[in-house]
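Protein chains in written order, with full-length UniProt numbering: chain D, 1 to 428; chain Z, 1 to 417.
Cβ coordinates follow ideal geometry from the N, Cα and C atoms, glycine included.
Working notes, beginning with the structure itself.
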């Protein structure tokens, strides 16, 4: 295709860059039946927000469903009409990216391409839509707040990070959701929604030449931005000691503890080491903390946040106590296990288990276009689309010694933030 | 894609080879769910299922899960009204290992008191979390309004489950386990890169009957309660969003000729973003993040309920209910249009095709069709059944089964200040 440069072929996929506007396209054929998935990932997330407009990326994502110049309700061809041909469609916003996707019978793939191209630069972004959608987003916030553990997580990030925008979660602060102006949202759209700040991915059953031609026809006519896409330059100042916090609410829930440590940037080998350590600690019934906490009936579950971000993030372990225990007792045991993982090399068998789980997970992922799109979306956000495909090879190079070094360096008390959810029996 | 149904020496095998390569997803199913026990003992199968994840007479759970997870094999145990089920996913080269572990877990579970106590402690915490969940509490209260006591369609209240589960003993679990054979009457459903012949052979090496014991249903469908208007609220402190359920029971069951017309009518009302409720209550009026409508109930072939669900800020709840009622009245009065029917049918069959790209979804559909008494091949008939529904059938169903003056309206959350 003369309108594209082929950048890379790997793992059965091909990556192209549009010569005119810099749009990247990843084609991942997997012809299991006549179904295809299409996705636009924009390199903008809640990391690009600041006080006063936290949550703006997410509200904008909602407004993108309100119509664009050539596809809107008055014409009865708004994007949700794709559901009427069988599409499963949605969008999500996260720290480092926003994505819009449609999984649908291949014969309608061209419609998804056309609509996504139209709303890249021609979305309405109107005040009347903001007014109606603000309460929708506020209800999403309220639903999230119904869960005390979700609230505990929110406070975790805002306690651990003080300067970097990971301080606030993607949904934003309530008062910002309620008050952000349409001008601010429009500016946000005009700053980030450009072909040179987006990557398309296509998965499933499709004709490669045909899809590239359709993408060229609809996205190719969009000019690249005339400005440089702004990049976050705020870095988190060094943490100089352990942080602790408590969240109290009236609740029948049994409480929860979370213990978090600052991590390096997501693409580093050290981050991968921390993910392996996380798996050794919490993933599966043969993990150390499952055996110590869940199997013994001290915790009902143990789970972790250990995903990679563009910038430094958190490795957080959460545990929910049973009546046989308490969040304080669980904290003690988790810290003992962390001390042990720093003191003694992990067994090769434990490392092998994690590698095999990742390999199998990658194979199972072929069975879901949703999973394929979701995985490549997170990898695109990291600016390494091969991230998950390359994991088995990268993991094969990791040694117990590397894990110990990463644990010593990052799982340090002074870099920790610990939170407890304390359920109250009645409102004080 | 074609289904292979084969009767082995002792078990039935439903295998569906798809073009996914390198792995299989599936389930081994025994008809020994809670409908095969008395109402008082209805939690035994679920607790027994959870206990299968602990030690066996031959190995500790640690040893077994190191074998499974060391290969990336995924196994989970569950129980429903009809079935005890072991679900799995594994790479094809690990099939023999998978079958060996499932056989061991099923045939010689240790059922140790220490493990049961540990499980009960976990359940206590999980049930406390459910008791704090507005969605769970609304659903429990809604089904209480609709269905008679001991109906299969009732959902157990978390507190009741806590009370029943605390009384379960090791002796009861052992007695339950001894009351059926783990091989006879069982069936396998396997989807993906499956070699049916090899799979059956591997199973039959590990699974041989110990007895002919089988369970018979001890619980049966309960007559439905008269449909009447009702209102209930479950107050849960410090919640910022209220869950709403609005609807009533019907006389239609899953095999009734009006099932698909009614299902499509509810899909047009609130089955997706493009349906009426999302377009109006959310998109135009901004009153909620989540609103929709669907059919529920139908457990063990009891009749179905229909309902509208939604989440609302407490101060927008009344407006939300009014907006939903407005749409319900339009829907009841005028039914749906030919254009809507065409869109909904195409949407449902298209989504079905999309789902069929995933072996997990195919497995789920096959299991559901078997459980509802249609047979596994129903996965090939589903789209035809949708396509054959006519507009007058849909609108006649709305007139016949929807009674807006007899709605049960249930909320859960914080309304008191």
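For residue i, is the classification buried or exposed, using 16 other Cβ atoms within 10 angstroms of its Cβ as the cut-off for buried?
i, result
"residue 259 of chain Z", "buried"
"residue 235 of chain D", "exposed"
"residue 231 of chain Z", "exposed"
"residue 378 of chain D", "buried"
"residue 16 of chain Z", "buried"
"residue 206 of chain D", "buried"
"residue 208 of chain D", "exposed"
"residue 1 of chain Z", "exposed"
"residue 395 of chain D", "buried"
"residue 306 of chain D", "buried"
"residue 16 of chain D", "buried"
Look at the Cβ atom of residue i, then the Cβ atom of residue j, and state whether they are nearer than 7 angstroms.
i, j, result
"residue 268 of chain D", "residue 315 of chain D", "no"
"residue 87 of chain Z", "residue 27 of chain Z", "yes"
"residue 241 of chain D", "residue 3 of chain D", "no"
"residue 413 of chain Z", "residue 134 of chain Z", "yes"
"residue 187 of chain Z", "residue 18 of chain Z", "no"
"residue 248 of chain Z", "residue 407 of chain Z", "yes"
"residue 125 of chain Z", "residue 54 of chain D", "no"
"residue 189 of chain D", "residue 60 of chain D", "yes"
"residue 82 of chain D", "residue 102 of chain D", "yes"
"residue 389 of chain D", "residue 11 of chain D", "yes"
"residue 146 of chain D", "residue 72 of chain Z", "no"
"residue 182 of chain D", "residue 127 of chain D", "yes"
"residue 22 of chain Z", "residue 193 of chain Z", "yes"
"residue 211 of chain D", "residue 116 of chain D", "no"
Can you pull the chain Z residues whose beta carbon is under 8 angstroms from the beta carbon of residue i, in chain order?
i, result
"residue 367 of chain D", "20, 23, 25, 192, 358, 359 and 360"
"residue 251 of chain D", "132, 237 and 238"
"residue 132 of chain D", "283, 284, 285 and 286"
CB-CB under 7 angstroms to residue i, same chain, minus the five flanking residues each way: which ones, in chain order?
i, result
"residue 292 of chain D", "333 and 337"
"residue 393 of chain Z", "261"
"residue 184 of chain Z", "10, 209, 212 and 214"
"residue 387 of chain D", "379"
"residue 416 of chain Z", "235"
"residue 127 of chain Z", "158, 161 and 162"
"residue 92 of chain Z", "22, 23, 24 and 193"
"residue 398 of chain Z", "265, 331, 332 and 335"
"residue 22 of chain D", "195, 196 and 224"
Among the residues of its own chain, which have a CB less than 6 angstroms from the CB of residue i, if the five just before and after it don't count?
i, result
"residue 158 of chain D", "167"
"residue 429 of chain D", "Given a span of 1 to 428 for chain D in the structure shown, any question on residue 429 of chain D remains unanswerable."
"residue 428 of chain D", "Only weak support is given to the placement of residue 428 of chain D: the predicted model assigns it a pLDDT of 47, under 50, and the value that follows is read from those uncertain coordinates. So the list is empty, once near-sequence residues are dropped."
"residue 299 of chain Z", "81, 152 and 153"
"residue 200 of chain Z", "8 and 13"
"residue 402 of chain Z", "332"
Taking Cβ-Cβ distances shorter than 7 angstroms, what residues in chain D pair up with residue i?
i, result
"residue 126 of chain Z", "300"
"residue 91 of chain Z", "360 and 363"
"residue 176 of chain Z", "Under the 7 angstroms cutoff, chain D gives no residues; its nearest Cβ is about 21 angstroms from residue 176 of chain Z."
"residue 72 of chain Z", "356, 357, 359, 360 and 361"
"residue 239 of chain Z", "146"
Output needed for residue i: all residues of its chain with C-beta closer than 8 angstroms, excluding positions within five of it in sequence on either side, in chain order.
i, result
"residue 56 of chain Z", "64, 104, 105, 108, 109 and 110"
"residue 65 of chain D", "78, 79, 80 and 91"
"residue 98 of chain Z", "68, 73, 75, 88 and 90"
"residue 106 of chain D", "34, 35, 36, 204, 205 and 206"
Just the chain D side, please: which residues come within less than 9 angstroms of residue i by C-beta, in chain order?
i, result
"residue 62 of chain Z", "285, 286, 291 and 295"
"residue 273 of chain Z", "65, 79, 80, 83, 89 and 90"
Could you check whether the Cβ of residue i sits closer than 6 angstroms to any heavy atom belonging to the ligand ATP?
i, result
"residue 232 of chain D", "The model on display carries no ligand, and the ligand ATP is accordingly not part of it."
By the criterion of Cβ-Cβ separation under 9 angstroms, what are the contact partners of residue i in chain Z?
i, result
"residue 191 of chain D", "What residue 191 of chain D touches in chain Z: nothing, since even the nearest Cβ is about 26 angstroms away."
"residue 204 of chain D", "357"
Give me the chain D residues within the contact set of residue i, using Cβ-Cβ distance strictly less than 8 angstroms, ordered along the chain.
i, result
"residue 65 of chain Z", "284, 285 and 286"
Kindly list, in the order they appear in chain Z, the residues whose Cβ is closer than 7 angstroms to that of residue i.
i, result
"residue 320 of chain D", "125"
Using a beta-carbon distance cut-off of less than 7 angstroms, what residues from the stretch 339-353 of chain Z approach chain D? 343, 346, 347, 349, 350, 351 and 353
Contact list for the stretch 75-105 of chain D against chain Z, Cβ threshold 9 angstroms: 78, 79, 80, 81, 82, 83, 84, 85, 86, 87, 88, 89, 90, 103, 104 and 105
Give, in chain order, every residue of the stretch 254-284 of chain D whose Cβ lies closer than 7 angstroms to some Cβ of chain Z. 254 and 284
Using Cβ-Cβ distances below 8 angstroms, what residues of the stretch 295-315 of chain Z are close to chain D? 311, 312 and 313
Closer than 8 angstroms between beta carbons: that is the criterion. Which residues of the stretch 28-43 of chain D meet it against chain Z? 31, 32, 33, 34 and 35
Taking a Cβ distance cut-off of 7 angstroms, strictly less, list which residues of the stretch 110-123 of chain D are near chain Z, in chain order. none
Mind checking the stretch 394-414 of chain D against chain Z and listing, in chain order, the residues whose C-beta falls within less than 7 angstroms of any C-beta there? none
Looking at chain D, which residues of the stretch 112-125 of chain Z have a Cβ within less than 9 angstroms of any of its Cβ atoms? 114, 115, 117, 118, 119, 120, 121, 122, 123, 124 and 125
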